[in-house]
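If you number the sequence shown the way this note's numbering does, the last residue is 474 and the count never jumps.
Data first, discussion second: the structure below is written as C-alpha cells.
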Amino acid sequence: MSDRQFLQQAITLAAENVRAGGRPFGAVVVCDGQVVATGVNQMLELSDPTAHAELMALRQAGKTLNRVKLEDCVVYASGQPCPMCLAAMRMAGVSRVVYAYSNQDAEPFGLSTEGIAKALRVEPEHQSGLRFEQLKPDNDACSSLYQLWSEQQK
C-alpha cells in the first residue's frame, strides 16, 4: 500500500469515529508495509484526556509488536499530531509521521493544538497557567529511585 492509502485509512477511521459521536481523529501504525495498529480519539468515551488517536494506536502497536521501541514504524494520522502525541512518538522512536490536516486546517473548528505547541516552546518555569516545582525527598541528593532502577537493570 502507498502513503496515500494508509493515510486514507486514518481519515476513514476518523470519519467513522465522528459518525459514532467521537472526535475527528484517526491513526494507523505501519511496520514493514503492514498495518499493525489503529486508533481513534476516545477522549470523550473514556473520559481520558490522553486517549488521542495516535496514542491509542501506539499503545496497540506496542502490544502487537511486544516492544516499546517503534523505530521501524510509520504513523499515519488524520490530523497534525499534538505535542503530547508527538512526544510519545519521539519517545517510541517512530521514524516517520504522515498527516492529512494541519493545525491551520483545524483552527476554524477549534481543533488546533498550535497554542499548546507554542506554550511548550517556552521554558517550563516561564509558562503561564502551569506552575512547576521540584521538591526532592529529604536526604535524597543522589536520586535513589533512579539508582534503584539502574541496579535492577543489571
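Idealized CB from N, CA, C, for every residue including glycine.
Query: Range covered by the beta strand (DSSP E) that runs through R416; Result: 416-421
Query: DSSP-derived helix/strand/coil call for A347; Result: strand
Query: Sheet register partners of G399 (DSSP bridge); Result: Y421
Query: Contact the stretch 355-363 vs the stretch 378-385: 3+ CB pairs below 8 Å; Result: yes
Query: Whether A421 touches A330 by CB criterion (8 Å); Result: Here the sequence assigns Tyr to residue 421, which means Ala is not the residue at that position. No.
Query: Any 3 or more C-beta pairs closer than 8 Å across the stretch 430-441 and the stretch 452-459; Result: no
Query: Residue of E427, D425, C405 minimising C-alpha distance to T361; Result: Per the sequence presented here, residue 361 reads as Asn, with Thr not at that position. Cα-wise, what sits closest to N361 is C405.
Query: Where the beta strand (DSSP E) containing G359 begins and where it ends; Result: 354-360
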